[in-house]
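Written out below as structure tokens is the structure these notes cover.
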Amino acid sequence: MTIETKRTLRTRRWTDGKLIDEDFALTEVARHLADRDALVWVDLWDPDHDDLLALAREWDLDEHAVEDSLARGERTKATLYPTHTFFTVYATHLRPASDPETEEHQSRLSTTRISAFVLPRGIITVRRGAPFDIDEVVRRWDDNPDLLRHGPGALLHGLLDVVVDGQFETIQQLDDTAEELEDLLFDGQSSTKRIQRRVYRLRKELVELRRVVLPMREVINAVMRHRAEHPLAPELDSWYTDLYDHAIRATEWTESLRDMVTTIFETNLSLQDARLNVVMKKLTGWAAIIAVPTAVTGWYGMNVPYPGFDEPAGLITAALVIVLSAGGLYVLFKQRDWL
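Residues in the sequence shown are numbered consecutively from 1, following UniProt numbering.
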């Protein structure tokens with residue numbers, strides 16, 4: 001995904017699906033919103049709180065919705081107000097694993113919160129957080145100019161479509177990471193500590209991703225339900241149905257990926273237990289072999305006379321007992337794959 005350079009304000013105006021003007025001043029927004037034939041888009045990136053409140057009063061936006069667009073940690077949701085509909089969604093992307101600021105156990109997931117005020121003749125987007133490829137949204141609108149004749153619903157569809165596609169891309173990258181971990185599990189040369197750190201990071205990223213992906217279907221469902229209650233531009237119904245299907249697929253993929261990571265985590269623990277059992281089995285076998293010469297030398301080291309005491313035959317006998325007993329145990333354990 002291409003990340004744009006920072007532009008704090010973007011504006012556009014269409015009439016009958018044709019682009020008429022762009023990058024006009026905020027002072028002209030209210031006039032364009034009052035035009036029955038106009039379709040307006042205003043994009044604000046990290047706006048100042050007081051400035052946004054002032055603009056909200058001019059554009060007749062609900063103050064509670066404005067506060068939600070600026071508050072930290074706001075959840076993904078859709079809320080219907082008397083004059084507009086308010087949405088909050090999160091775009092996602094993964095930072096490169098080679099990023100020096102990202103430790104091996106730290107999450108690579110970055111999110112951009114996008115709040116949207118859907119008005120009768122336009123849409124106002126407020127973005128906070130990491131950069132987001134808003135140019136891709138504009139390209140989607142330019143590729144389907146006929147849809148823009150159907151009002152702000154077309155603008156909202158283009159925005160949500162890019163967000164869902166970005167979440168798909170993130171899920172795909174996490175799925176690739178999970179497959180790499182599966183290969184590392186059965187690679188005898190891989191460090192167990194490294195695998196544990198990477199599994200922990202992947203689980204952390206999935207938890208963060210689920211928080212923003214799972215509610216998306218409810219947001220899109222709310223849009224479709226609202227459109228059913230106020231039937232306008234039925235030409236957009238199939239587009240929103242397809243978008244809802246994509247959101248469902250993203251949700252199911254995220255859930256299946258979580259199950260896969262859980263399986264990898266449990267498999268890693270099982271393999272560690274199996275390796276530990278092998279080590280303990282080998283140590284036990286060698287301990288049994290070493291116990292034989294220890295027992296024999298201990299017997300012949302007593303300070304009392306015994307058969308062969310102070311005679312060459314005693315030394316030979318002791319050596320034979322040690323070699324034959326230890327060798328017999330070694331062969332027996334080797335046959336049973338204990339060594």
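We put the CB at the ideal spot given by N, CA and C, even for glycine. Remember, it's a predicted structure, so these values are computed and weren't measured experimentally.
Span of the alpha helix (DSSP H) around residue i
i, result
"residue 168", "152 to 185"
"residue 192", "192 to 213"
"residue 403", "Since the displayed the chain opens at 1 and closes at 339, residue 403 lies outside it and no answer follows."
Test item: CB-CB of residue i and residue j under 8 Å
i, j, result
"residue 30", "residue 59", "yes"
"residue 92", "residue 76", "no"
"residue 148", "residue 39", "yes"
"residue 109", "residue 178", "no"
"residue 199", "residue 264", "yes"
"residue 80", "residue 246", "no"
"residue 296", "residue 316", "no"
"residue 210", "residue 262", "no"
"residue 217", "residue 248", "yes"
"residue 41", "residue 157", "no"
"residue 48", "residue 15", "no"
"residue 195", "residue 277", "no"
N- and C-terminal bounds of the beta strand (DSSP E) containing residue i
i, result
"residue 22", "18 to 22"
"residue 12", "9 to 15"
"residue 36", "Note, residue 36: premise wrong, no beta strand (DSSP E); not H, not E."
Backbone CA spacing between residue i and residue j [nearest angstrom]
i, j, result
"residue 55", "residue 12", "17 Å"
"residue 292", "residue 203", "50 Å"
"residue 68", "residue 74", "7 Å"
"residue 271", "residue 319", "41 Å"
"residue 113", "residue 141", "20 Å"
"residue 324", "residue 279", "25 Å"
"residue 78", "residue 185", "42 Å"
"residue 19", "residue 124", "17 Å"
"residue 342", "residue 127", "Examination of residue 342 is not possible in this model, given that the chain is present from 1 through 339 alone."
"residue 169", "residue 274", "36 Å"
"residue 22", "residue 162", "21 Å"
"residue 335", "residue 215", "58 Å"
Residue i - DSSP class collapsed to helix/strand/coil
i, result
"residue 86", "strand"
"residue 73", "coil"
"residue 92", "strand"
"residue 117", "strand"
"residue 43", "strand"
"residue 130", "coil"
"residue 110", "strand"
"residue 78", "strand"
Inter-residue CB distance, residue i and residue j (contact presumed, cutoff 8 Å)
i, j, result
"residue 152", "residue 122", "6 Å"
"residue 134", "residue 46", "Rounded, the Cβ-Cβ distance is 13 Å, inconsistent with contact."
"residue 116", "residue 171", "Rounded, the Cβ-Cβ distance is 23 Å, inconsistent with contact."
"residue 150", "residue 119", "Incorrect: roughly 15 Å between the Cβ atoms, too far for contact."
"residue 89", "residue 160", "7 Å"
8 Å Cβ cutoff, residue i in contact with chain C
i, result
"residue 113", "In the displayed structure, chain C is absent; only one protein chain is listed."
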